[in-house]
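Heads up, the sequence shown is in the working numbering, so the first residue is 133 and it goes up one at a time.
Taking it in order: structure first as structure tokens, then the write-up.
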Amino acid sequence: MAVSNPNTNLITPAMHDGELRILDTDLAGRLGFSQPRDIRKLIARHGGALLQMGILPTEEMTVGKGQKVEAYYLNRKQAIFITAKSETAEATDITIEIIERFDAYERGEVKPAIATPKPKRIRKPSFAVTFDRCLRVAAHLPNVDENQKVLMAARGTYNLTGVNPLEVMGYASLPAATQDNYLTPTELGLQVGLSAVRVNRILAEEARLQIAMPGSSSGSKWAMTERGLAYGKMFDTTRKGGKGSQQQLKWKPSVVEFLRPFAAPSA
């Protein structure tokens, strides 16, 4: 917080940003201003000239009923300039006093106070808003399934706010996409009495979830359409014979609903 001088009859410089300065309220009291805002109006009016004499730092102060104001710290030249512009009867005497007080501090005869800024309260963003924003970022990540995107957004939210939204809702973890919870066309077909060939044809021609990719370098004969991205995922599998790997397209269990209208009568 700003250092003010309770004794308005004494000029008391303080160290601010490594330089001796006078708080505007101290100078205002010494000049006889009835309200601190009077000297601040004077400072604002001559701001351009004051800045030619050095920086003009300000600091937030709380006055009256919690009202926030900006207080000024003036260096030697600025304080003398404002004193002259005040046109008060004591201006000449106070100018001499400013010079003598600054000289005394600079000679080490008086140890200056140190103006310590009031620590600002750092407000953390709402975890709900942060989670939504992290989800939007995660949505652009390639080759990441939906559960992983949610987990990444939750971790990002925790890092920014200290709150993990999944834990708040009672979810310690979410299952990641694995081959265990995705099914091959053969496994889907077993549920409805259809062959893998028939399943692939239905998913391509009827459900429009995939298209044929003969001769694909990935090893998979099929690729997901834009519509199929919500239902399928490519996995690396070992080639027949155990030499090398290839990609295989697998589907969420819910894809079986696209197959039921074509199910064998006994399925």
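Ideal Cβ positions, reconstructed from N, Cα and C, are used throughout, including at glycine.
Cβ-based burial, residue 224 [other Cβ within 10 Å; buried from 16]: Position 92 of the sequence shown holds residue 224. Exposed, since its Cβ has fewer than 16 Cβ neighbours within 10 Å.
Quick one: what does DSSP say residue 368 is sitting in, helix, strand or coil? Along the sequence shown, read from residue 1 onward, the residue named residue 368 stands at position 236. It is a strand residue.
Helix, strand or coil for residue 226? Go by DSSP, reduced to three states. For the purposes of this step, residue 226 is taken as residue 94 along the sequence shown, with counting starting at 1. Here residue 226 sits in helix by DSSP.
Can you look up residue 155 in the DSSP assignment and give me helix, strand or coil? The residue you call residue 155 lines up with position 23 of the sequence shown. Correct three-state label for residue 155: strand.
Taking DSSP as the reference, what is the three-state secondary structure of residue 396? For this step, residue 396 is matched to residue 264 along the sequence shown. The three-state secondary structure of residue 396, taken from DSSP, is coil.
How long is the line joining the alpha carbons of residue 284 and residue 270, rounded to whole angstroms? Indexing the sequence shown from 1 puts residue 284 at position 152. Indexing the sequence shown from 1 puts residue 270 at position 138. Cα to Cα, residue 284 sits roughly 7 Å from residue 270.
If contact is defined by three or more beta carbon pairs under 8 Å, each pair taking one atom from either stretch, is the segment 148-165 in contact with the segment 211-224? By the criterion of at least three beta-carbon pairs nearer than 8 Å, the segment 211-224 is in contact with the segment 148-165.
Hey, would you say residue 288 sits closer than 8 Å to residue 266, going by beta carbons? Here residue 288 is taken as the residue at index 156 of the sequence shown, counted from 1. Here residue 266 is taken as the residue at index 134 of the sequence shown, counted from 1. Cβ atoms of residue 288 and residue 266: closer than 8 Å.
Cβ-heavy atom distance, residue 172 to the ligand ZN, below 7 Å: This structure simply doesn't include the ligand ZN, nor any ligand for that matter.
Across the segment 224-243 and the segment 185-197, are there enough close Cβ pairs to call them in contact, namely three or more that are closer than 8 Å? no
Just the Cα atoms here: how many angstroms apart are residue 281 and residue 317? Stepping through the sequence shown from its first residue, residue 281 is reached at position 149. Stepping through the sequence shown from its first residue, residue 317 is reached at position 185. Approximately 26 Å between the Cα atoms of the pair.
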